[in-house]
Amino acid sequence: MPEQTEIAVDKEIDARGSFCPGPLMELIRGMKALPVGGTLAVLSSDPGSAKDIPAWIQKARHEFLGAFPQDGYTRFVARKAH
Amino acid sequence: MEERMSLIVFSGTVDKLMAASILTTGAAAMGMEVEVFLTTWGLEAFRKDSYKTNMRVSKDFEDYGPVMMEQMMAKKVPSWMDNFKGAKEVGEVKIYACSMTMELFGMKLEDMEPIVDDITGVATFVERAKEGRITLFI
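Which chain is which? The protein sequence lines are A and B, in order.
Under the numbering used here, the first residue of the first sequence carries the number 300, and numbering increases by one thereafter.
Under the numbering used here, the first residue of the second sequence carries the number 7, and numbering increases by one thereafter.
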């Protein structure tokens, strides 16, 4: 069984220690730079962003691949759908 | 109704500019059009280079000023000006200078930070704000 937390991505953004709206902004910038079909992960320790990130991914109609809690932070993974 | 947030920024203290900038960023990130109208002290805060030395905090909380600034530096929190610039990058954000204040303070568009797009009057603000979903006064 492949490790759920280890979905390989094209780009990983470490936004731990940065707070709202920091991680969300990093995600948006990261997505902009990605080609369609590319995947990225954002690491965030901020509680506000934990809600904002999936909400934004859905609103922007990209593919949300999951939120994986780690030790003291969460890894959010998404694929650029368009 | 338009997916737009109109914000009047009247205040020129770092604490309030911070709030205004985060609201702008949040709305822009969520795909809303944001129009910021700078007036009085808000406009003064956008005078070229002013943000580099602006350490003002609301009078009622001026004793918190130094602590707040220190915490922001220690936690590497982006400044309010960084937030406004970031907001422009991720979404549709327009920043307008109130023409009355410009006249009063003897300012021209060239005296303002480049992030200020244009000068408008109150009627424009009212027209734009009434079609939008969110209007705020800071």
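Glycine included, each C-beta is placed from N, C-alpha and C at the ideal position.
query                                                                                       : result
Short CB-CB distance (under 8 Å) between I14 (chain B) and chain A                          : no
For P322 (chain A) and D345 (chain A), the rounded distance between their alpha carbons     : 8 Å
Cβ-Cβ distance between Y70 (chain B) and V63 (chain B) below 8 Å                            : yes
One or two residues paired with F363 (chain A) in a DSSP bridge                             : A:A377
V20 (chain B) versus B:M106, B:G127, B:R139 and B:V73, residue with shortest Cα-Cα distance : B:V73
CB of V335 (chain A) within 8 Å of CB of F375 (chain A), strictly                           : no
Short CB-CB distance (under 8 Å) between A80 (chain B) and chain A                          : no
Residue of A:S317, A:G316 and A:M330 minimising C-alpha distance to F363 (chain A)          : A:M330
C-beta atoms of L23 (chain B) and A51 (chain B) nearer than 8 Å                             : yes
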